[in-house]
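Below is one structure, written out as structure tokens, with a few remarks after it.
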Amino acid sequence: MTSRQMPRRSNALAATAAYFLLAIVLTWPLARGLTRDLPADFGDPLLNTWILAWDADHLLRALSGHLDPLREYWHANIYYPHPLALAYSEHLTAQAIMILPIYAVTRNPILCYNVVFLSTFVLSAVGMFLFARRLTGSSNAAFLAGLAFGFAPYRFGTLPHLQVLSSMWMPFALLGFHRFLESRRVAPLAGASAAWLAQNLSCGYYLLFFSPVVALYLALEITWRRLWSDRFVLAAVSVAAAIVVALTVP
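Take 492 as the starting number for the sequence shown in the numbering used here and just add one per residue.
If you want it as structure tokens, here you go:
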């Protein structure tokens, strides 16, 4: 690690710690009962807790080598005899993957829900911090940007809706594409694509709302950088977008 990288990493860690503490304070007393309490109300949080448990249980069984759980994945045990009942609401697959290790150890769906719930605030803020710092070069401006995005007032008006709170992959996707267009390295492009896919699988609303933003952002960046004649850039971005679409459509 270079001397220039050390303060940048320290600033990022300090911002992450501040966002974490702020998430605890602004959602208090949730942290006092992570294993037994749910935030907001007993409507959507209970529904989404059950969905996370259903997803995690089937994914863990699939990882153990059994294919039947994957065939049963969309046929949730609700609204019998209607098929594909999991698709009647948000399927929360990306969130289930996030908490899979915790669920494997604890089998506590309430704890898993609360971990995802709190992480939406922290990761949204951290992602925007990193993206804004990349654009501005200022850690102070980036901290305020992360604060504004991760703890925007509208988020506290939608506390029961975990899927709507799950906006955390947006800034990571934009950051990855920005880094790719600067460096031409494949790793940032892969990270951006993974973040975009995770965002698509986290919330159906954001699948429709954020994907056009990604396309517009890429068009603006490519235009500003005068890269429309760069065949490698256009091919790489096109392949990445095609992969994300192919993995999202099913």
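Glycine residues also receive a C-beta, built at the ideal position from the N, C-alpha and C atoms.
Within 10 Å of its beta-carbon, does residue i have 16 or more other beta-carbons around it, so buried, or fewer, so exposed?
i: Leu711; result: exposed
i: Arg624; result: buried
i: His742; result: One cannot answer for residue 742 here, as it falls past the ends of the chain, which runs 492 to 741.
i: Val516; result: exposed
i: Arg562; result: exposed
i: Thr540; result: buried
i: Gly534; result: exposed
i: Phe668; result: buried
i: Arg446; result: Residue 446 cannot be examined here, being either before or after the span of the chain that is shown, 492 to 741.
i: Asn691; result: buried
i: Gly556; result: exposed
i: Gly628; result: exposed
With the cut-off set at 8 Å, would you say residue i and residue j are in Cβ contact?
i: Leu529; j: Pro520; result: no
i: Leu672; j: Arg716; result: yes
i: Asp546; j: Leu583; result: yes
i: Ala587; j: Leu543; result: yes
i: Pro662; j: Gly695; result: no
i: Leu609; j: Ala503; result: no
i: Leu653; j: Leu688; result: no
i: Thr649; j: Ile601; result: no
i: Tyr571; j: Tyr579; result: no
i: Gly576; j: Ala567; result: Sequence check: residue 576 is Ala here, not Gly. Yes. Within cutoff.
i: Ser727; j: Pro651; result: In the sequence under discussion, the amino acid at residue 727 is Ala, which differs from the Ser named in the question. No; because the gap between Cβ atoms is not below 8 Å, this pair is not in contact.
i: Ala616; j: Phe640; result: yes
What is the residue span of the alpha helix (DSSP H) that residue i lies within?
i: Ala706; result: Gly695 to Trp715
i: Ile593; result: Leu591 to Thr597
i: His669; result: Trp660 to Ser674
i: Leu656; result: Leu653 to Leu656
i: Arg523; result: Premise fails: Arg523 is in no alpha helix (DSSP H) and is neither H nor E.
i: Phe723; result: Arg722 to Thr739
i: Phe642; result: Here Phe642 belongs to no alpha helix (DSSP H), and DSSP marks it neither H nor E.
- Ranges of the alpha helix (DSSP H) found wholly within the stretch 526–582, counting only runs of at least 4: 535–554 and 559–563
- So does the stretch 640–659 actually touch the stretch 597–613, counting three or more Cβ pairs closer than 8 Å? yes
- Message: Report the start-end ranges of each beta strand (DSSP E) in the stretch 598–635 that is 3 residues or longer and not cut off at the edges.
- Response: none
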